[in-house]
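This report concerns only the one structure given below.
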Amino acid sequence: MNNTTISLDHIEQLQGWTASPNGRGTINIIQNSFLTISLCAWTMLCLNVPPLGASRTAQARHKIMIFCEAILGPEFIFQTALGQWASARRSVASFTASGLQGWTMKHGFFADMGGYVLDPPDFPPFPLSAKQVHYLVTNNYIDYALVAITSDAIDDKNKSDGMARIITMVQVLWFVLDTIARAAQGLAISTLELSTIAYVWCSIGTWFFWRNKPQDINVPVIVVPNQTMAEIVRNAGSAADEKYISTPPDFVGREHHHWTLYWAHWFNILHHMGIVLHTRKRPVDKISDDQFLPLSVGSNAILIFFQLGFAGIHIAGWNFRFPTPTERLL
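In full-length UniProt numbering, the protein residues as written are 1 to 330.
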């Protein structure tokens, strides 16, 4: 028999679990930041009801456009959510004061997102706001039973993606805790990461104020009045003398936040440049998703608080730098 010699130099060494390196690259910062921003912007959106007969493609294109707006200006989406929350509260108070029971915050949101569409016999159908619904009900133009649908019926229309929001919350929590841990250890934090924290700040506020708003409702409730639109406008008297901008019942609450005027001028500039983001139509067939509703003194204080927080985090992100370990030793 031949003797076989085994060289120890050729024995393969087995490697156990090896931890990842502590360093992080630019691509890791960009990926984590943009993933967090994108998840926040997508899951916080609660778009208004689309026009009757709108195609799935048109709805998807519109949602992508508002998604881009949320990335470019999350504070504007927050202001929209805050205005709708304030309007829903006012609608609940109005219905309660009129002795109409069963109207909740969820109904107020549903109305202001175009959930009720008036279909008069002499006029094209158009969406109603919560204030206009209250006016038509209290003036006996529509039966309250037509709009006082149950909360379960609204929930049945709601297509909120709970799993997407859970994933977003996990990502946000991990990102914030990681950033806080790095700050506590004096490690470097990039400006992009601090800017992402500002997005998270606005997203949390938007989620809170839109918590009762249904998501991705495609089919509204059609309401037929017992009189023609011409009779409703004529009965309103001098209040309806001014030419309407959006729908004939514009005379019911023309108040808007001053930002609505600035926003309208901005889109007019884009129209003149040939960039059409919103089609002009009278009467409108959809309540705009970037409509700024009037705010009370308290709501304006909340808006200023969140805007200052958003701006403050951004300013810190672009002007503040944590010292390196070497600098701390000097």
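Virtual Cβ for every residue (Gly too), placed ideally from N, Cα, C. Just so you know, these numbers come straight off a predicted model, no measurement behind them.
Q) Around the Cβ of residue 81, are there at least 16 other Cβ atoms within 10 angstroms (buried) or fewer (exposed)? A) Flag for residue 81 reads buried.
**Q.** residue 68 burial status per 10 Å Cβ neighbour count (16 or more: buried)
**A.** Exposed, by the Cβ-count rule.
(Q) Whether or not the stretch 212 to 228 and the stretch 46 to 59 are in contact is what I'm after, with contact meaning three or more pairs of Cβ atoms, one per stretch, closer than 8 angstroms; do they touch? (A) Yes, they touch.
(Q) According to DSSP, is residue 204 part of a helix, a strand, or is it coil? (A) Look at residue 204 here: in three-state DSSP terms it is helix.
Q: Determine the extent of the beta strand (DSSP E) in which residue 219 is found, giving its start and end residues.
A: Per DSSP, residue 219 lies in no beta strand (DSSP E) and is assigned neither H nor E.
Q: Could you say which of 62, 84, 31 and 60 lies nearest to residue 207 if we only look at CA atoms?
A: Closest by alpha carbon: 84.
Q.
Give me the DSSP bridge partner(s) of residue 116.
A. Paired residue(s): 221.
Q: In angstroms with no decimal places, state the Cα-to-Cα distance between residue 227 and residue 140.
A: Residue 227 and residue 140: Cα-Cα distance of roughly 10 angstroms.
Q) For residue 126, does the three-state DSSP call read helix, strand or coil? A) Three-state result, residue 126: strand.
Q: Note the first and the last residue of the continuous alpha helix (DSSP H) segment covering residue 52.
A: Membership of residue 52 in any alpha helix (DSSP H) is not indicated, and neither H nor E is assigned to it by DSSP.
Q. Counting pairs of beta carbons, one from the stretch 279 to 294 and one from the stretch 130 to 145, are three or more of them closer than 8 angstroms?
A. Contact check between the stretch 279 to 294 and the stretch 130 to 145: fewer than three CB pairs, one atom from each, fall below 8 angstroms, which does not count as touching.
Q. Quick one: Cα of residue 58 to Cα of residue 65, how far?
A. Cα-Cα distance, rounded: 11 angstroms.
Q.
Suppose you measure from the CA of residue 158 to the CA of residue 105; what does that come to, to the nearest Å?
A. Here the alpha carbons of residue 105 and residue 158 stand approximately 15 angstroms from one another.
Q | CA-to-CA distance, residue 186 to residue 214, given in whole angstroms | A | Whole-angstrom Cα-Cα distance: 42 angstroms.
(Q) To the nearest angstrom, how far is the alpha carbon of residue 233 from that of residue 119? (A) Residue 233 and residue 119 have their C-alpha atoms some 15 angstroms from each other.
**Q.** Where the alpha helix (DSSP H) containing residue 412 begins and where it ends
**A.** Look at the range of the chain in this structure, 1 to 330, and you will see that residue 412 is not part of it.
Q. So residue 34 is in the alpha helix (DSSP H); what residue range does that whole segment cover?
A. Element bounds for residue 34: 26 to 43.
Q: Give me the Cα-Cα distance between residue 301 and residue 211, rounded to the nearest whole angstrom.
A: Rounded to whole angstroms, residue 301 to residue 211 spans 20 angstroms at the Cα level.
Q) Whole-angstrom Cβ separation of residue 91 and residue 102, contact assumed at under 8 angstroms? A) So it is not a contact: roughly 12 angstroms between Cβ atoms.
(Q) Restricting to Cα atoms, I'd like to know which of 33, 71, 60 and 32 is closest to residue 44. (A) Among 33, 71, 60 and 32, the Cα nearest to that of residue 44 is on 71.
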